[in-house]
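Engineer: Top line first, the protein sequences correspond to chains A and B. Take any residue in the first sequence, note its place counting from 1, add 83, and you have its number in our numbering. Take any residue in the second sequence, note its place counting from 1, add 83, and you have its number in our numbering. Backbone N, C-alpha and C fix where the C-beta goes; we use that ideal spot for every residue, glycine too. The model shown is predicted, which means the values in this text are computed figures rather than measured ones. Next up is a structure, given as C-alpha cells.
2 protein chains.
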Amino acid sequence: MTNKSYNFQLSEKFIINNFLKKLNLNTTGTFNFENDAAFLKTSSKIKTVVTTDTIVENIDFFTNDPPESIAQKIMCVNLSDISAMGAKPKTYTLNLSINSTIDKTWLKRFSKHLSKIQKKYKMYLLGGDISRSKEISLTITCFGESILKNIINQKNSRLGDDIWVTGDLGNSFLGYNKMIKKPKFKFEKKHIKKLKNFYLYPEPCMFGSKASKYINAAVDISDGFYGDLQKILHGKFGAKISRESIPISDIAKKFLTDNPNKIKFSDILSWGDDYELLFTSFKKNRKKLLTLAKKNKVKISLVGSIINKTGIYDDSLRPIINTNSFDHFC
Amino acid sequence: MTNKSYNFQLSEKFIINNFLKKLNLNTTGTFNFENDAAFLKTSSKIKTVVTTDTIVENIDFFTNDPPESIAQKIMCVNLSDISAMGAKPKTYTLNLSINSTIDKTWLKRFSKHLSKIQKKYKMYLLGGDISRSKEISLTITCFGESILKNIINQKNSRLGDDIWVTGDLGNSFLGYNKMIKKPKFKFEKKHIKKLKNFYLYPEPCMFGSKASKYINAAVDISDGFYGDLQKILHGKFGAKISRESIPISDIAKKFLTDNPNKIKFSDILSWGDDYELLFTSFKKNRKKLLTLAKKNKVKISLVGSIINKTGIYDDSLRPIINTNSFDHFC
C-alpha cells in the first residue's frame, strides 16, 4: 500500500539520509540505498550464512528503553546466531517499524549505536525498510561468512563430546527482574547499574568463528541453558551435566545464597538473554580450546558430556527435570 | 527476551513443524529449520541480490484480509523489487509477528499460499523468526540471483532513453477504494470481485530478469508512477511523458469517464500497489523489447523519454505538477 508515510512527521527518505546512509560505508552492492534492493559480494569458497530476528516493543524490550539498548539487542540476537554457526558477521539489513513516539533524537542515538556496533564487528548496513506501525518492532537479517567445512550444524554433536559454555550465566535474568515493576527480590545498590546494563546491553559471544574447527555442534543460549542444550541433543542423545560446573556470575551466586526461597538455580538456567554459547567438541580438543579461549579472552567452562541415554542428567545420572525453554525457527 | 511464547497457544515449534517446514523443500543450507541460521548457496559468478520489506496490519493490509492475500502481498512487494534489479528470485526468510487472533486455519491457509507462490517462482524458504506482538506484522527478506553485469541499477538511466511501463495501472487504486468503508464512488457489480482481487492479490511483474540486458534503469511501481519515475531520474535528468500512452486498465478508464469530479488521472498515477515495472532502455532496443515482451506475455508501453531538463513534462513540455509519492530505503 502506498500511503504508509502520510501524516508521519519523519519521512523514510529523511530517516535514511540523516541517520542510516552513513552506515553503508559506501560498500559496493548497497547502491548507497538508492535502489530497492542490494547485492552481496560472494565467492564460491565462502558461504553466506543468514539469520534473522525480530524484536517487538513490550515483548522483547520496554517502550522507554534507551534507543542504544534496542540497537544493541536487535544486533546481539542476530550476531549471536551468526557466531553459533561458526561464521563471522559481514553485513545486515534493517527493518524498522516505528510510530510517532520515535523522534530525531531517538533515531540519532539508535543509528549512532548501530554504527558503534558495526565498527566493532567490521560490518556495514546493506539495506532495509521503514514502516509505520502502532508498536515499535525491528527486524535484522544478518549475513555472515564462513568456508563450508567450518559452518557449525546445531545437530552435529557426537556421542562422548564434551559440552562447553562460554562466559557466565545469570546477570541478564537478574537485570530483567530489576527492570520490571515489582521485582521479587531486593537489590543491593552497588549491583543495580551493572545488572541493568547486562539486561539492556547484552554482548554476543563471538567465539564461534574463532573455534569453529574444534566445534561439533553449537547454539547460543538465548532461550535458556536446558532448552538450548536440548536443541543440540535433538532427541538423539542425552547429556550428563555437572551442575556445579555451570558458570554462574558472582552476583547471581550471591542472590541464590541470599534469596533461597525466591530465586532458584533453575530460574537462571531457564532464562535466556545471556547470549553465551553452548557447544560440543571432541574430548581431544580440550587443550586447544582452552588455549584459544585464553587467547581470545573468552571464559569457557566444561559442564558435561554427551551420553547415549536421552534426557538431561546430573553427575549421579539423576534426571534434571526443569527443562522449560522456548523453540526457534531460524 | 525469553518468555515470548508464554501464554501463547501456538508455539513457534508447532507453527514451524506444521505449517512452515515443508516450505524449505529440503534444500541444503536451510538445515531443515533446525539451526538458528542458514546459508546461501552462491558462486563467484552469480551475485546474490537482497531486498527486504515489512507489511503491517491496518497500514498495509486490513486485519480481516484473507491470509492468502497477506501472503501474496508480502511476497509481491519483495518479488517486485527483485525483478526491478534484473534478478531471478531464489529463496527468502520470513519473520512473522503474530497475536492470538491468528489460529491454525489462518496459518494453514497462509503457508499453503506461500507454497503456491514458491512453486510458481521456483523458490524455497530459507529460514525466519516468529514473534508475538499486538499488531500483526510480516517481514520477508528475499534473495535473487543475477550475473553482475545484468544487475540493474535504478540510477543508471541515460539521456535519450525510452521510458517503458509494463501492464496496466489503476485497478489496485480502485480495488483499495472498494475495500475501504466509505468509498468515494459507486462500483458496478460486475467489477467488484475483479477490483477487490487486484487489491488483495497483486501480481509482481517478473519481466526484469528476462529483459535485464536491454534495461538501463528500472523500478517497480510501488509508490506511484510519478514518484517512482523520479527515483529513476534521481535529480539528474528529466522526463517527457505522453500521458495518453500511460497504460490504464479498461475499468479505470471507465471510472475516469463516469466520475470526472471524484477521480482524477493523477490519483491513479500517484497510487502504487500495481507492482508493474517502470524502466528505461536505449531507443535501439525497442524491437527487441517488444519481441521479448510478447514472448513472455507481458504488455509493455512506451510512455516517454529521458530528457536533459530536470522535472517531469508532458508532450508539449508543460510541467506535470502532481508528483506525490513515497520514498523507500531498500
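Return yes when the Cβ of I230(A) is within less than 8 Å of the Cβ of I142(A), no when it is not.
Structural biologist: no
Engineer: Check the Cβ-Cβ distances between M84(A) and every residue of chain B, and say whether any is below 8 Å.
Structural biologist: Confidence is the limiting factor: at M84(A) the pLDDT is only 25, short of 50, which leaves the residue's position unreliable, though a coordinate-based value still follows. M84(A) counts as touching chain B.
Engineer: What's the gap between the Cα of D148(A) and the Cα of F362(B)?
Structural biologist: 44 Å
Engineer: What residues of chain A sit near K171(B), judged by a beta carbon separation below 9 Å?
Structural biologist: Near K171(B) there are no residues of chain A at all, since even the closest Cβ is about 12 Å away, more than 9 Å.
Engineer: If we define contact as Cβ-Cβ less than 8 Å, is K217(B) a contact residue for chain A?
Structural biologist: yes
Engineer: Applying the 10 Å Cβ sphere with the 16-neighbour rule, what's the burial state of D303(A)?
Structural biologist: buried
Engineer: Name the residue from L312(B), A294(B), N368(B), C159(B) whose alpha carbon lies nearest to the alpha carbon of I223(B).
Structural biologist: C159(B)
Engineer: Using beta-carbon positions only, say whether S305(B) and Y259(B) come within less than 8 Å of one another.
Structural biologist: no
Engineer: Leaving out five residues on either side along the sequence, give the residues of the same chain with a beta carbon under 8 Å from the beta carbon of E218(B).
Structural biologist: Excluding its 5 nearest sequence neighbours in each direction, E218(B) has C-beta neighbours in its own chain below 8 Å: V139, E140, N141, S180, N182, listed in chain order.
Engineer: Does DSSP put I331(B) in a helix, in a strand, or in coil?
Structural biologist: Three-state result, I331(B): strand.
Engineer: If we ignore side chains and look at the alpha-carbon of each, how far apart do D333(B) and K269(B) end up?
Structural biologist: Between D333(B) and K269(B), the C-alpha separation is close to 16 Å.
Engineer: Where do the N-terminal and C-terminal ends of the alpha helix (DSSP H) with W189(A) fall, by residue?
Structural biologist: 187-204
Engineer: Taking the beta carbon of G470(B) as the centre, do at least 16 other beta carbons fall within 10 Å, making it buried, or is it exposed?
Structural biologist: With chain B covering 84 to 413 only, the question about residue 470(B) has no answer from this structure.
Engineer: Closest to L283(A) by CA distance: which of P150(A), F97(A), K104(A) is it?
Structural biologist: Measuring from the Cα of L283(A), the nearest candidate turns out to be P150(A).
Engineer: Would you mind telling me which residues of chain A sit closer than 7 Å to N178(B), beta carbon to beta carbon, in chain order?
Structural biologist: T135, T137, T222
Engineer: Counting only beta-carbon separations shorter than 8 Å, does S295(B) have a partner in chain A?
Structural biologist: no
Engineer: Quick one: using the 10 Å Cβ neighbour count with 16 as the cut-off for buried, is K202(B) buried or exposed?
Structural biologist: Label assigned to K202(B): exposed.
Engineer: If you run the structure through DSSP and keep just helix, strand and coil, what is V414(B)?
Structural biologist: With chain B covering 84 to 413 only, the question about residue 414(B) has no answer from this structure.
Engineer: Using a Cβ cut-off of 9 Å, pull out every chain A residue sitting near L123(B), in sequence order please.
Structural biologist: L123, T125, K130, T131, V132, V133, F226
Engineer: Check whether the stretch 247-254 of chain B touches the stretch 373-390 of chain B, taking contact to mean three or more Cβ pairs, one atom from each stretch, closer than 8 Å.
Structural biologist: yes
Engineer: In three-state terms, what does DSSP make of Y284(B)?
Structural biologist: coil
Engineer: Enumerated in chain order, which unbroken segments of the alpha helix (DSSP H) with a length of 4 residues or greater are wholly contained in the stretch 300-380 of chain A?
Structural biologist: 308-316, 333-341, 348-352, 369-378
Engineer: Between which two residues does the beta strand (DSSP E) harbouring Y259(A) extend?
Structural biologist: Taken as a continuous stretch (DSSP letters only), Y259(A) belongs to no beta strand (DSSP E), being part of the alpha helix (DSSP H) at 254-262.
Engineer: List the residues of chain A whose Cβ lies closer than 7 Å to the Cβ of S152(B), in chain order.
Structural biologist: Here the premise fails: no neighbours, minimum Cβ distance about 12 Å.
Engineer: From this set, T134(A), T135(A), M206(A), which residue's C-alpha is nearest L106(A)'s C-alpha?
Structural biologist: Of T134(A), T135(A), M206(A), the residue nearest in Cα terms is M206(A).
Engineer: For I275(A), which residues in the same chain have their Cβ closer than 8 Å to its Cβ, ignoring the five residues on either side in sequence?
Structural biologist: K261
Engineer: Flag S214(A) as yes if its beta-carbon sits less than 8 Å from any beta-carbon of chain B, otherwise no.
Structural biologist: It does: the Cβ of S214(A) has a partner Cβ on chain B nearer than 8 Å.
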